[in-house]
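Colleague: Let me give you the structure first, and then I'll get to my questions.
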Amino acid sequence: MAKEVKITSRYLQELEKELNYLQTTREREVAAMIAEARSYGDLSENSEYDAAKNEQAKLQGRIAEIKDLLSRAIIIEDENAASGRASLGCTVVVEDVTTGEQSKYRITGAQEANPMENRVSEQSPFGRAIVGKGPGETFTVSTPFMSYEMRVVSVTRED
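Numbering (the numbering used here), first residue to last: 118 to 276.
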């Protein structure tokens, strides 16, 4: 059996929107690229045709990837929303106990995590440490290289 993938309802909507775009607009664009490249004649030495076919392969790969994700998706519910505790789908503001610096993160499933956009997986060291914590509570994040102490400033649900 395929492994379940935890995603938020927001990410589900993003995936469905992307899939719709890829299967409609983008497929027509790529088909037009292929048709135009074919009109140039001999396909054996037609770099435009090769590029268009490569684009088509990438497109079909991404469509298959999204369909697979959607077939295994489990929409996460925020069982801690009423209690104000950090969980999947929540946005948390934390403060470094040592420096006083505050940061804002969204706790997500592994598929939608993107540290560059402050979206962290509940499976990451930070995610494992903060899930279940509420405002005012401190927690320690342990990584292979270091440990640091953080304090939860706020927990909100933004969907």
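Cβ atoms here follow ideal geometry from the backbone N, Cα and C, with glycine treated the same way.
(1) Give the secondary structure of K184 by DSSP, where H, G and I count as helix, E and B as strand, and everything else as coil.
(2) Check S238 in the structure and name its three-state DSSP category.
(3) Pairs of beta-carbons, one from the segment 169–188 and one from the segment 128–141, closer than 8 Å: are there three or more?
(4) If you run the structure through DSSP and keep just helix, strand and coil, what is N163?
(5) Taking DSSP as the reference, what is the three-state secondary structure of Y157?
(6) Please say whether V237 and G251 have beta carbons closer to each other than 8 Å?
(7) Within the continuous beta strand (DSSP E) that includes E212, where are the two ends?
(8) Around the C-beta of S204, are 16 or more other C-beta atoms found within 10 angstroms, so that it is buried, or is it exposed?
(9) Leaving out five residues on either side along the sequence, give the residues of the same chain with a beta carbon under 7 Å from the beta carbon of A190.
(10) Using 8 Å as the threshold, is the C-beta distance between C207 and T273 below it?
(11) In the DSSP assignment, what residue or residues form a beta bridge with A169?
(12) What separation, rounded to the nearest whole angstrom, lies between the Cα atoms of L187 and A148?
(13) Leaving out five residues on either side along the sequence, give the residues of the same chain with a beta carbon under 6 Å from the beta carbon of A227.
(14) Going by Cα to Cα distance, which pick from F243, M150, G253 and L176 is closest to G201?
Modeller: Reading off the structure:
(1) helix
(2) strand
(3) yes
(4) coil
(5) coil
(6) no
(7) C207 to D213
(8) buried
(9) V122, I124 and L129
(10) yes
(11) DSSP lists no partner for A169.
(12) 25 Å
(13) S238 and Q240
(14) G253
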